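Sequence order for the protein chains is P and D.
Sequential numbering of the first sequence, starting at 1, is according to the working numbering.
Sequential numbering of the second sequence, starting at 1, is according to the working numbering.
Using N, Cα and C, we set each Cβ at its ideal position, and we do this for glycine too.
Here the structure is a predicted model, which means the values were calculated and not measured.
2 protein chains.
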Amino acid sequence: MSVQERKERERAGRERLIVATARELAEQQGWDAVTTRRLAERIEYSQPVLYSHFRGKREIIGAVALQGATEMAAAVRAATAAVDGPRERVAALARAYLDFAARNPAVYDAIFQLDGGLAYAQEDTPEPLKDAFAALLESLGEVAGNGVDPGLFTEVFWASLHGVATLTRAGRLPPEYTEPRVELLVDRLAVV
Amino acid sequence: MSVQERKERERAGRERLIVATARELAEQQGWDAVTTRRLAERIEYSQPVLYSHFRGKREIIGAVALQGATEMAAAVRAATAAVDGPRERVAALARAYLDFAARNPAVYDAIFQLDGGLAYAQEDTPEPLKDAFAALLESLGEVAGNGVDPGLFTEVFWASLHGVATLTRAGRLPPEYTEPRVELLVDRLAVV
DNA sequence: CTCGATTGTCTAGCGATGCTAGGATCGAAT
DNA sequence: ATTCGATCCTAGCATCGCTAGACAATCGAG
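Right, dumping it as structure tokens:
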């Protein structure tokens, strides 16, 4: 069985290489530059190899999205773990979220803007996506206020952060006032 | 001069036809379906004619975006004009905004998601875009609260609406709870 | 009224895209 | 050693945005 196991390991390694390379290329030159040819060339295989791992480009984007969602959940949890007080925890969450979006724009796009063929807000939603939402809910649920469903509150707060993140990166909002925007959002939305 | 004027009229008419057709096609089948060939076929001219009006596909998207921004500004003003009380005005604005995004998804994408080659938040920003922001500012500036810059407040409120609009349409948020989301945003963010 | 010149439009084609069919190659098992 | 199946690559399809160059219609000058 050792031969087969080795092959599977190699195959899994190549799949990781594809995802990592796609992500790297996207961060460097944008998703438009991530063509199947360029990607194939970078991993030093021919195009059709990509299609033995993924159904198509969409699924590759989806794989990057799932990886990114896992990291984002971890980043949010790490940023909020050591902070005292619900209000400050939420502020730390907001900064961590926007920081992640600013540092990994291509990954953020893969998660929230591009079509990666993923299901959202359903039963068959992949675990990393559910968990990313759960990470937000953990801190945001505390400050929903009386009579407001924590899930609904989390959705709204998240949507606000998402709006700030995307509009900032698209050049619709000048980036230098991010911090006062965060302050405003936290002060008004969070009930402590 | 009459001959030349007639030609200019015809040319302007054809340009409007291009924009209207692109918009229609985008709303019907999505922006991916708006190819230069299909667009040319629908207006019953050959492809190169498009390039005598616009530099390329980007500029066509930009033209749809400007048209849409004008309409959105009008929709927001119409929805808020006859409403008494700042709080209710803001709620009406939020509903009108989300309604516009839901009813004109392709146009909304052209304005805020796609690359239409337009400048934002700068001096050379096209007038319709500035005016759309101004329309938001008119109602939102009233409820910024003490010590908060109306422009900054408008940006944040707008970003929140944008987040709800995009996440809803992308399937990230279940659409049936839009109204309580609006209530929450208005109640918490607006200071009356 | 005729005849170059200009303007306008179209046909044809370029390079690049996502994706796939079919043959070559290589390793494992008999 | 030979067969056979898995693996990979070459080559190609349809489509994309965009453009060059040919052709026709129109205009102004004589």
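Going by Cα to Cα distance, which pick from the options is closest to residue i?
i, options, result
"P/PRO128", "P/ALA33, P/ARG11, P/ALA78 and P/ALA63", "P/ALA63"
"P/ALA102", "P/ARG58, P/ALA170, P/GLU15 and P/VAL186", "P/ALA170"
"P/ARG42", "P/ARG58, P/ARG23 and P/GLU59", "P/ARG23"
"D/PRO126", "D/THR21, D/GLY163, D/GLN67 and D/HIS162", "D/GLN67"
"P/VAL83", "P/ARG58, P/PHE133, P/SER139 and P/GLY56", "P/SER139"
"D/MET72", "D/PRO48, D/PRO105 and D/ASP32", "D/PRO105"
"D/ASN146", "P/LEU184, P/LEU17 and P/ALA94", "P/LEU184"
"P/TYR108", "P/ARG16, P/ARG55 and P/TRP31", "P/TRP31"
"D/ALA65", "D/GLY13, D/THR166 and D/ALA26", "D/ALA26"
"P/LEU114", "P/VAL90, P/LEU167, P/ASP124 and P/LYS57", "P/LYS57"
"P/TYR45", "P/GLY116, P/ARG14, P/ASP131 and P/ALA132", "P/ARG14"
"P/PHE112", "P/GLU10, P/ALA165, P/ASP131 and P/GLN47", "P/ALA165"
"D/THR70", "D/HIS53, D/GLU59 and D/PHE100", "D/PHE100"
"P/GLY116", "P/GLN29, P/ARG55, P/VAL148 and P/GLY141", "P/ARG55"
"P/LYS16", "P/ARG6, P/PHE133, P/GLN47 and P/HIS53", "Correcting the residue type first, residue 16 of chain P is Arg in the shown sequence and not Lys. Of the listed residues, the one whose Cα sits closest to P/ARG16 is P/HIS53."
"D/TYR177", "P/ALA74, P/VAL148, P/PRO174 and P/TYR177", "P/VAL148"
"P/GLU123", "D/THR154, D/ALA132, D/PRO174 and D/PHE133", "D/PRO174"
"P/ALA74", "P/ALA12, P/THR154, P/ALA132 and P/GLN47", "P/ALA132"
Using three-state DSSP, classify residue i as helix, strand or coil.
i, result
"D/ARG6", "helix"
"D/ASP187", "helix"
"P/ARG172", "coil"
"P/ILE85", "Reading off the sequence, residue 85 of chain P comes out as Gly, not Ile. DSSP places P/GLY85 in coil when its eight states are reduced to three."
"D/ILE18", "helix"
"D/ARG38", "helix"
"D/MET1", "Low confidence applies to D/MET1: its pLDDT is 47, below 50, so where it sits in the model is not reliable, and the reading given next is rough at best. Coil."
"P/ALA119", "coil"
"D/TYR45", "coil"
"D/LEU114", "coil"
"D/PHE157", "helix"
"P/ARG55", "coil"
"P/ALA33", "helix"
"P/ASP124", "coil"
"D/ASP149", "coil"
"P/TYR108", "helix"
"P/ALA144", "coil"
"D/VAL192", "coil"
Kindly give me the distance between the Cβ atoms of residue i and residue j, rounded to whole angstroms, as I take these residues to be in contact under 8 Å.
i, j, result
"D/ARG172", "P/ALA121", "6 Å"
"P/VAL143", "P/PRO180", "Their Cβ separation, rounded to whole angstroms, is 19 Å, which puts P/VAL143 and P/PRO180 out of contact at 8 Å."
"D/LEU136", "D/VAL76", "6 Å"
"D/TYR97", "D/LEU161", "5 Å"
"D/LEU39", "D/ILE61", "With a Cβ gap of about 11 Å, D/LEU39 and D/ILE61 do not count as contacting."
"D/LEU50", "D/THR36", "6 Å"
"P/VAL90", "P/VAL186", "5 Å"
"D/ARG95", "D/VAL182", "6 Å"
"P/ARG188", "D/LEU189", "5 Å"
"P/ALA79", "P/LEU93", "6 Å"
"D/LEU167", "P/ALA159", "5 Å"
"P/GLY163", "D/GLY141", "Rounded, the Cβ-Cβ distance is 18 Å, inconsistent with contact."
Would you list, in chain order, the members of the stretch 89–100 of chain D that have their beta-carbon closer than 9 Å to a beta-carbon of chain P?
none
Mind checking the stretch 120–138 of chain D against chain P and listing, in chain order, the residues whose C-beta falls within less than 8 Å of any C-beta there?
TYR120 and ALA121
Short-range partners of chain D found in the stretch 63–90 of chain P, where Cβ spacing is below 8 Å
none
Going along the chain, which residues of the stretch 159–171 of chain D sit with their C-beta nearer than 9 Å to a C-beta in chain P?
ALA159, SER160, LEU161, HIS162, GLY163, VAL164, ALA165, THR166, LEU167, THR168, ALA170 and GLY171
By the 7 Å beta-carbon criterion, what residues does the stretch 169–191 of chain D contribute toward chain P?
GLY171, ARG172, LEU173, PRO174, TYR177, PRO180, ARG181, LEU184, LEU185, ARG188 and LEU189
Taking Cβ-Cβ distances below 7 Å as the criterion, which residues of the stretch 138–152 of chain P are in contact with chain D?
VAL148 and LEU152
Chain D contacts made by the stretch 100–113 of chain P, where a contact means CB separation under 9 Å
PHE112 and GLN113
Please list, in chain order, the residues of the stretch 2–34 of chain D that have any C-beta partner in chain P closer than 7 Å.
none
Quick one: which residues of the stretch 34–60 of chain P get their C-beta closer than 7 Å to a C-beta of chain D? List them in chain order.
none
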